[in-house]
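Engineer: All residue numbers for the sequence shown refer to the working numbering, where the first residue is 155 and numbers rise by one.
Just so you know, even glycine gets a beta-carbon here, dropped at the ideal spot from N, CA and C.
The model shown is predicted, which means the values in this text are computed figures rather than measured ones.
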Amino acid sequence: MNKYATAVLMFLAAVITWVQPAQAQDARAVPPAPVEAFYCNMKEGKSHADLKQVADRFSQWAAKNDATYSAWILTRQFGMGAELPEVIWLGSCPSGTSPGNGLTAWQAGGRELA
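1) Out of curiosity, what's the CA-to-CA distance linking K255 and C247?
2) What separation, rounded to the nearest whole angstrom, lies between the Cα atoms of A209 and H202?
3) Using a threshold of 9 Å, state whether the C-beta atoms of P188 and G250 are closer than that.
4) Mapping DSSP to helix, strand and coil, what is L141?
5) Give a yes or no on whether the C-beta atoms belonging to A191 and W260 are separated by under 9 Å.
6) Can you grab the Cα-Cα spacing for the pair G233 / A262, in whole Å?
7) Rounded to the nearest angstrom, what separates W215 and A225 at their Cα positions?
8) From this set, P186, T160 and V241, which residue's C-alpha is nearest Q231's C-alpha?
9) Quick one, are the C-beta atoms of I227 and K206 less than 9 Å apart?
10) In chain order, what are the residue ranges of uninterrupted beta strand (DSSP E) at least 3 long that sit wholly in the segment 192–260?
11) Are Y223 and P186 touching if we call contact CB-CB under 9 Å?
Put into structure tokens, the structure is as follows:
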């Protein structure tokens, strides 16, 4: 009887482990989001603090003009070599039309940040 119970428990453990990812899957399809990336190196005499100031000003501008845009500043942590950029500005919007709307707003009144 003990062997039978062990076999049943092992079978149930295997089935539950296999079925678990299927139960956790969201049935709704998430549409793809457009992403842009700008690979940058700092100008001589500039630092990450200078970039942070520009990013903060951009964040304030975006909150007023294009709240759907999200951006991150990525820095290399483990990579080495001259071919790697110092920073990457990674931006994303929820839909394919959002970048166009944001660019129109940028051309109308955001250029002073650049």
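Structural biologist: In this structure, then:
1) For the purposes of this step, residue 255 is taken as the residue at position 101 of the sequence shown. For the purposes of this step, residue 247 is taken as the residue at position 93 of the sequence shown. Looking at the sequence provided, one finds Asn at residue 255 rather than Lys. Cα to Cα, the separation comes out at about 10 Å.
2) Working through the sequence shown from its first residue, we reach residue 209 at position 55. Working through the sequence shown from its first residue, we reach residue 202 at position 48. C-alpha separation (whole angstroms): 10 Å.
3) Reading the sequence shown from its first residue, position 34 is the one you call residue 188. Reading the sequence shown from its first residue, position 96 is the one you call residue 250. Cβ atoms of P188 and G250: closer than 9 Å.
4) Only positions 155 to 268 of the chain appear in this structure, which leaves residue 141 out of reach.
5) Residue numbering aside, residue 191 sits at position 37 when the sequence shown is read from its first letter. Residue numbering aside, residue 260 sits at position 106 when the sequence shown is read from its first letter. No, the Cβ-Cβ distance between A191 and W260 is not below 9 Å.
6) Counting from one through the sequence shown, the residue named residue 233 turns up at place 79. Counting from one through the sequence shown, the residue named residue 262 turns up at place 108. Roughly 38 Å between the two C-alpha positions.
7) By 1-based counting over the sequence shown, the position of residue 215 is 61. By 1-based counting over the sequence shown, the position of residue 225 is 71. Those two C-alpha atoms are separated by around 13 Å.
8) In the sequence shown, counting from the first residue as 1, residue 231 sits at position 77. Nearest C-alpha to Q231: V241.
9) Residue mapping note: residue 227 aligns to position 73 of the sequence shown, counting from 1. Residue mapping note: residue 206 aligns to position 52 of the sequence shown, counting from 1. Result yes, Cβ atoms of I227 and K206 sit closer than 9 Å.
10) 224–229 and 241–246
11) Counting from one through the sequence shown, the residue named residue 223 turns up at place 69. Counting from one through the sequence shown, the residue named residue 186 turns up at place 32. Not in contact: Y223 and P186 (Cβ atoms no closer than 9 Å).
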